[in-house]
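Novice: Chains as they are written, first to last, in the numbering used here: chain F, 103 to 245; chain Z, 103 to 245.
2 protein chains.
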Amino acid sequence: MPGFILEDFLAYQMAVLSNRLSDGFSRRYRDKFGISVPEWRLVAHLSQAAKISIREVYQQVEMDKSMASRAAARLVKAGYVSKRVNPADRRLVELSLTAKGRAMAAEIGPQALDFEAEVLACLPDGERDAFRKAIRILMEKCT
Amino acid sequence: MPGFILEDFLAYQMAVLSNRLSDGFSRRYRDKFGISVPEWRLVAHLSQAAKISIREVYQQVEMDKSMASRAAARLVKAGYVSKRVNPADRRLVELSLTAKGRAMAAEIGPQALDFEAEVLACLPDGERDAFRKAIRILMEKCT
DNA sequence: TTGACCCCGTTGCAAGTGCAACAATATGAT
DNA sequence: ATCATATTGTTGCACTTGCAACGGGGTCAA
Numbered sequence: 103m104p105g106f107i108l109e110d111f112l113a114y115q116m117a118v119l120s121n122r123l124s125d126g127f128s129r130r131y132r133d134k135f136g137i138s139v140p141e142w143r144l145v146a147h148l149s150q151a152a153k154i155s156i157r158e159v160y161q162q163v164e165m166d167k168s169m170a171s172r173a174a175a176r177l178v179k180a181g182y183v184s185k186r187v188n189p190a191d192r193r194l195v196e197l198s199l200t201a202k203g204r205a206m207a208a209e210i211g212p213q214a215l216d217f218e219a220e221v222l223a224c225l226p227d228g229e230r231d232a233f234r235k236a237i238r239i240l241m242e243k244c245t
Numbered sequence: 103m104p105g106f107i108l109e110d111f112l113a114y115q116m117a118v119l120s121n122r123l124s125d126g127f128s129r130r131y132r133d134k135f136g137i138s139v140p141e142w143r144l145v146a147h148l149s150q151a152a153k154i155s156i157r158e159v160y161q162q163v164e165m166d167k168s169m170a171s172r173a174a175a176r177l178v179k180a181g182y183v184s185k186r187v188n189p190a191d192r193r194l195v196e197l198s199l200t201a202k203g204r205a206m207a208a209e210i211g212p213q214a215l216d217f218e219a220e221v222l223a224c225l226p227d228g229e230r231d232a233f234r235k236a237i238r239i240l241m242e243k244c245t
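(1) Distance, Cα to Cα, Z:Ile237 vs F:Asn188?
(2) Buried or exposed: which applies to Z:Arg193, given that a residue is buried once 16 or more other Cβ atoms fall within 10 Å of its Cβ?
(3) What is the rounded straight-line gap between the Cα of F:Ile210 and the Cα of Z:Met206?
(4) Just tell me which of Z:Ala170, Z:Leu199, Z:Asp166 has its CA closest to the CA of Z:Gly181.
(5) How far does the beta strand (DSSP E) with Z:Ser128 in it extend, from its first residue to its last?
(6) Closer than 7 Å by beta-carbon distance: list the chain F residues that pair up with Z:Ser124, in chain order.
(7) Do F:Met116 and Z:Leu123 have their beta-carbon atoms positioned less than 8 Å apart in this structure?
(8) Please list the segments of the beta strand (DSSP E) lying wholly inside the stretch 127-208 of chain F, counting only runs of 3 or more residues, in order along the chain.
(9) Closest to Z:Ala151 by CA distance: which of Z:Pro226, Z:Glu196, Z:Val139, Z:Glu218 is it?
(10) Establish whether the CB of Z:Met169 and some CB of chain F are separated by less than 8 Å.
(11) Determine the chain Z residues that contact F:Ser198 at a beta-carbon separation under 9 Å, and present them in chain order.
(12) Let's see if you can read the secondary structure: which residues bound the alpha helix (DSSP H) around Z:Met241?
(13) Check the Cβ of F:Ala232 against every Cβ in chain Z and list those closer than 7 Å, keeping chain order.
(14) Less than 8 Å between the CB atoms is what I'm expecting for Z:Gln213 and Z:Arg143, so what's the real figure, rounded?
(15) Quick check: the Cα distance between F:Ala174 and Z:Lys185, rounded to an integer number of angstroms?
Structure (structure tokens):
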């Protein structure tokens, strides 16, 4: 494999960086609220839309069906989310945040923005926007 | 959680993008060679250094100890890697590519570079270098 | 040489993950 | 009304993963 260096390989770099970011941020809420990364993602999505179904969760947030189902179950058990059957279509489920869930979201949200700002602070001033835009382009490209 | 949008959250974007890149590339060698992502990483690292130990694998490549051990075991079983005890220090293991392993590496390496080039092709010409540099900076920052 | 200590790789175990099968429900054509 | 088909969420299962414990080696001082 001539001239190939794993450390310079984009897919590898992204995997490493992604893990460090997710782990780094999850440490900030894991101990206090006892939720994992998939659970945090569900809550984050749920905080933008009063009532959503499991399907909306795993389609919009990148997540397997069963992962969304189990994350929801854990959040219900922990008292952050309530779940009821949608009366209009009884196949669907209506997930919504409880008061406890809203309180948690209200605390984690600003921490998320702080964390992101801390990370991005190490990029040169003029390049932050270009970097964010590049990420967006790549995400659309790789759909 | 006012004004927080998960889709715009860097850690989330990186996780999604990282998965898409790793999956996208792994599809190109999985069927033909039957190896997984951790195994590919071990091989990639091994192709730059004739003989390495398990420890060198998991320290240099971002990987758990047990993951490196098991990836090596699977690669040995598949005939891509040979493993023997280091006679100078019998705690250590010497991993090296077999002829079959070298052949695989010789085929996957160029494919990796092609894949990366395809992905990066969608970024504006002047911004590719800046993007790669930004990734490097963030990786060092988040160590 | 012995014993205390450290390092390496493997393995057991619990938790997480992806996939496929499943039951319950809805839809639509006949 | 009935039956075939599609959709939703859950669950079973095999596999992966991370952590901690372990056994086998090495090292160094007493």
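Glycine included, each C-beta is placed from N, C-alpha and C at the ideal position.
Specialist: On the basis of the data shown:
(1) For the purposes of this step, residue 237 of chain Z is taken as residue 135 along the second sequence, with counting starting at 1. For the purposes of this step, residue 188 of chain F is taken as residue 86 along the first sequence, with counting starting at 1. Taking C-alpha positions only, Z:Ile237 is separated from F:Asn188 by approximately 44 Å.
(2) Taking the first residue of the second sequence as 1, we reach residue 193 of chain Z at position 91. Exposed, since its Cβ has fewer than 16 Cβ neighbours within 10 Å.
(3) For the purposes of this step, residue 210 of chain F is identified with residue 108 of the first sequence, where counting begins at 1. For the purposes of this step, residue 206 of chain Z is identified with residue 104 of the second sequence, where counting begins at 1. Taken atom to atom, the span from the alpha-carbon of F:Ile210 to that of Z:Met206 is near 46 Å.
(4) Mapped onto the second sequence, residue 181 of chain Z falls at position 79. Distances from the CA of Z:Gly181 to each of Z:Ala170, Z:Leu199, Z:Asp166 were compared; the closest alpha carbon is that of Z:Leu199.
(5) Position 26 of the second sequence, counted from the start, is the residue given in the question as residue 128 of chain Z. First-last for Z:Ser128: 112-135, but that is the alpha helix (DSSP H), not the beta strand (DSSP E).
(6) Counting from 1 along the second sequence, the entry for residue 124 of chain Z is found at position 22. The answer, in chain order, is Ala113, Ala117.
(7) For the purposes of this step, residue 123 of chain Z is taken as the residue at position 21 of the second sequence. For the purposes of this step, residue 116 of chain F is taken as the residue at position 14 of the first sequence. Against a cut-off of 8 Å, the Cβ pair of F:Met116 and Z:Leu123 comes out as a contact.
(8) Here the runs fully enclosed are 183-187, 195-199.
(9) Within the second sequence, the letter at position 49 stands for residue 151 of chain Z. Among Z:Pro226, Z:Glu196, Z:Val139, Z:Glu218, the Cα nearest to that of Z:Ala151 is on Z:Glu196.
(10) Within the second sequence, the letter at position 67 stands for residue 169 of chain Z. Chain F contact via Cβ: absent.
(11) The residue you call residue 198 of chain F lines up with position 96 of the first sequence. What F:Ser198 touches in chain Z: nothing, since even the nearest Cβ is about 14 Å away.
(12) Position 139 of the second sequence, counting from 1, holds the residue named residue 241 of chain Z. Unbroken alpha helix (DSSP H) run through Z:Met241: 230-243.
(13) Translated into the one-based positions of the first sequence, residue 232 of chain F becomes position 130. Result: Glu229, Ala232.
(14) Against the second sequence, residue 213 of chain Z aligns to sequence position 111. Against the second sequence, residue 143 of chain Z aligns to sequence position 41. Taking 8 Å as the upper bound for CB-CB distance, Z:Gln213 and Z:Arg143 are not in contact here, some 15 Å apart.
(15) Indexing the first sequence from 1 puts residue 174 of chain F at position 72. Indexing the second sequence from 1 puts residue 185 of chain Z at position 83. Answer to the nearest angstrom: the Cα atoms are 45 Å apart.
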